[in-house]
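Structure first, commentary second.
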Amino acid sequence: MSQSKFALPRNGFTFKQFFVAHDRCAMKVGTDGILLGAWAPIAGVKHVLDIGAGSGLLALMLAQRTDHDVQVDAVELDEEAAAQARENALASPWSSRIEVCQADIHQWQP
1 MSQSKFALPR
11 NGFTFKQFFV
21 AHDRCAMKVG
31 TDGILLGAWA
41 PIAGVKHVLD
51 IGAGSGLLAL
61 MLAQRTDHDV
71 QVDAVELDEE
81 AAAQARENAL
91 ASPWSSRIEV
101 CQADIHQWQP
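Counting along the sequence shown from 1, when you hit position 46 you're at 46 in UniProt numbering, and nothing is skipped either side.
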């Protein structure tokens, strides 16, 4: 068996426009999250709040699907998952529109 000359990132999921690492998150990228991100109604949305962001999958998918002036806030309680979501957001084409915060949603303020 020959090896591919293209090295794909490990411990994550590659989409057409971005990559999501999920090795430090309890909830991995899966069909349910992908379908939710693809099907969520977003017409006319001006601000997105992703509560329990995990790897940042939904924040990234909704940033991809919304206008360039839509702000996306992703709030995650777990420190490691929040750090990974932040890294995923920073590596994406929408890094200027996604803000990841490690906090309890009950204490979080925009």
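We put the CB at the ideal spot given by N, CA and C, even for glycine.
Segment contact, 8 Å Cβ cut-off, at least three pairs: the segment 55-74 with the segment 23-42: Proximity of the segment 55-74 to the segment 23-42 meets the contact definition, three or more beta-carbon pairs being nearer than 8 Å.
When W94, C101, A82 and S92 are compared against D73, the one with the closest alpha-carbon: Of the listed residues, the one whose Cα sits closest to D73 is C101.
Per-residue DSSP class, three states only, for L58: Correct three-state label for L58: helix.
Short Cβ contact (8 Å threshold) for Q84 with C25: Yes; because the gap between Cβ atoms is below 8 Å, this pair is in contact.
Residue environment, A43, which counts as buried when at least 16 other CB atoms sit within 10 Å: When all chains shown are included, A43 counts as exposed.
Given A21 as reference, the closest of D50, N88 and Q107 once Cα atoms are compared: Of the candidates D50, N88 and Q107, the residue whose Cα lies closest to the Cα of A21 is N88.
C-beta neighbour in chain B for M27, strict 8 Å: The structure shown contains no chain B; it is built from a single protein chain.
From H106, A53, A38 and H47, residue whose alpha carbon lies closest to that of E79: Closest option to E79, Cα to Cα, is A53.
DSSP state of G33 mapped onto helix, strand, coil: Three-state result, G33: helix.
For A91 and R65, the rounded distance between their alpha carbons: Whole-angstrom Cα-Cα distance: 17 Å.
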